[in-house]
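Enquirer: Take 0 as the starting number for the first sequence in numbering that gives the first Met the number 0 and just add one per residue.
Yeah, the Cβ is synthetic: ideal placement off N, Cα and C, and Gly gets one too.
Structure provided below as C-alpha cells; questions to follow.
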Amino acid sequence: MLALIDGNNFYVSCERVFKPSLRGRPVVVLSNNDGCAISRSDEAKALGVKMAQPHFEFRHLEEQEGLVSLSANFTLYGDMSDRMMSLAAGLGAAQEIYSIDESFVDLSGIPGDLRGRARSVRERILQWTGIPCCVGIGPTKTLAKLANYIAKTAERKPGSYPPLQAQVCDLSALAPNEMNALLASTEVGEVWGVGRRIGEQLREGGVITALDLAHLDPATVRRRWSVVLERTVRELQGLPCIDLDDAPAPKKEIACTRSFGHPVRELPPLIEAVSEFAARAAEKLRRQGSLAGLVLVFAHTSPFRPGPRFARSLTVPLRRPTSDTAAITQAAVLGLECLFEPGFDLAKAGVMLLELCDDSVMQGELDLEVEVGRERGRLMHAVDVLNDRYGKGTLRLASTGAVGEQREWTMKQRRRTPQYTTDWRQVPVARA
DNA sequence: TCTGGGGTCCTAGGACCC
DNA sequence: TCTGGGGTCCTAGGACCC
C-alpha cells in the first residue's frame, strides 16, 4: 500500500506561511522574470487563472479582484520542502521524493488505521511547517495519485466528491462499488500518465472517465498506444507496475536554462548569461557527485513572437569528464561564440550537461592533469561550501582563462533540439 | 510590452555487423 | 535475372510529469 502526500498550492502556501495577510486572498506565484503563473491559490483558480498562463493575460485581475502576484523565491520553497518531506517520511518505512511538493510513502507492514495515521501526519505537517497537505492512499502509485487528486478536489470543490474523502482519501478502505463511483466521477485526463494528447484520443474513442480507462483491455491498450499507457491501465486495476524508488539514481542530464526578461541581441550579455547558467549547472553536477563529458549550449528567439527565427544548439565535448566550473563555462562560451549570429531578438538560452558519469571514474588516474583537476575539485568544493553558507553567488570565478589546446571534431546534433540547425562542422574542443 | 524550467521513458527506424 | 536475415546499437522524436 502506498500514500502520496502533496502540499496544496505549494509555492503559494509557502508564501502564506511568512505573509499570513495573504490567506483567504487570491494569490499567484510567477515564474522567472514574472513571465507566467506557476502556483495559484484556490481563490486565484476560482478567478480563472490557469497554470502557466502568461502574466499579462490576467494582470487586470490585480486591480479588479485584488489578485496578488508574487515573484518566485525558490530558495524558500526548497527549505520548506525539506521540512515537509522529513515529516511526511514518518508515515511509513520508505519514501520517494517525487517532486518539490510530493512524496510517495510505502505503507506496507504498517498496522492499524491508515487513514487515521495519515490524518495525524497531515496535522503535524500543518502545525510544524504551516503547509496544508492532502494524502491519497492506494495499492499502486497511480491509484495513490488518483486518491490524492480526489482528496484535494473534494476539499476545494464541495459537491465534486463525497465530503468524507476531503484531505485524506484511502481507496483501499472502500467497497468496490464505492471505488467505482469515485473513478466514474473522475475525468480520464486527471489520471497520472494521461496527458493532453492521449486524453483527446481516449475521449474520441468514448473513454471519458477514469473508470472507462480502468475497464479497457491492457493488451489492446498496448497495441493501440504503448506499454506506458498499458501500465497505467493495470495500475488503475490495482496491479502495481511502477515501483517505489526510494534511492533515485543520479541525474543523467543536468540543465540550466532561462527565458530573458528582454530580448538579447548582442554577444557580450549572452556570454554573461550563459556563463552564469554554466556555473549553476556545474554546481548541481558537483552536488550529485558527477562529471560531465559534453556541454550543450543553445539560444533561440521566442516561438510566440513574429520576426526572423533563430534556434541553434551545439554540443562541445570536454577533453575529459569534469565538474570544474571554469572548464564547463569555457566550453559553453566557446560553443555560444560558434553558434551566435547577430541580428536576432534572442528570448532564451541555456546550458545542458550530458554524458554524466560518477566522479570516482577518474580516481585511478595518475597523470598530472588529473592531479591538477583534483586540486581544482577541492577548490570548487570550497566555493560551493561558501556559497551555501553565505548565499548563492557570494563567490564566483572571475575568468574562464585562455582557450587551451584545440582539436577538431565533428558536430553532433542532439535529440532534444532537432529544430536547431547550424552550418558549423568544426569547432575547437574545450579543455577539461 | 509581457508566454517556465526542469526532467524521464519509450519507440521507430537507420546503420552496421556477421 | 537474381539481390538474406537477424541482432544490436544509436538517435530523433513523441509523450508524459511537476
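1. In or out: L394 buried (at least 16 other Cβ within 10 Å) or exposed?
2. Give the single residue among D344, S322, A165 whose Cα lies nearest to the Cα of A277.
3. Taking the Cβ atom as the reference point for each residue, do S68 and L29 lie within a distance shorter than 8 Å?
4. Tell me which residues share the same chain as D357 and place their Cβ nearer than 7 Å to its Cβ, disregarding the 5 neighbours each side in the sequence.
5. Could you tell me whether the stretch 257-276 touches the stretch 25-41, where touching means 3 or more Cβ pairs closer than 8 Å?
6. How would you call S40, buried or exposed, if buried means at least 16 neighbouring beta carbons within 10 angstroms?
7. Output the residue ranges of the alpha helix (DSSP H) runs that lie fully inside the stretch 68-146 and measure 4 residues or longer, sorted by chain position.
8. Which of the three DSSP states is assigned to L3 in this structure?
9. Would you mind working out which of I149, V220, P157 sits nearest H186, comparing C-alpha positions?
10. Quick check on the DSSP output: the beta strand (DSSP E) that includes M178 runs from which residue to which?
11. Name the DSSP beta bridge partners of F297, please?
12. Can you give, in chain order, each stretch of the alpha helix (DSSP H) that sits fully within the stretch 11-40 and has at least 4 residues?
13. Taking 7 Å as the limit between beta carbons, can you name the residues of its chain near Y160, skipping five residues before and five after?
14. Looking at C-alpha atoms only, which residue of Q236, A165, G237, T141 is the closest neighbour of V190?
15. With distance defined between alpha-carbon atoms, name the residue in R221, E336, D242 nearest to P268.
16. Taking buried to mean at least 16 other C-beta atoms within 10 Å of its own C-beta, is P320 buried or exposed?
17. Below 8 Å CB to CB, which residues in the same chain sit around P307 once its five sequence neighbours on both sides are set aside?
18. When you compare each of Y389, L293, F303 to L353 by their alpha carbons, which one comes out closest?
Expert: With the structure as the only source:
1. exposed
2. S322
3. yes
4. G288, S289
5. yes
6. buried
7. 73-87, 113-128
8. strand
9. According to the sequence displayed, residue 186 carries Glu and not His. Comparing Cα-Cα distances from E186 to each of I149, V220, P157, the minimum goes to I149.
10. Looking at the DSSP string, M178 is not in any beta strand (DSSP E); the run it does join, the alpha helix (DSSP H), is 175-183.
11. S312, G349
12. none
13. I149, T152, A153, L181, S184
14. T141
15. E336
16. buried
17. T300, G342, F343
18. L293
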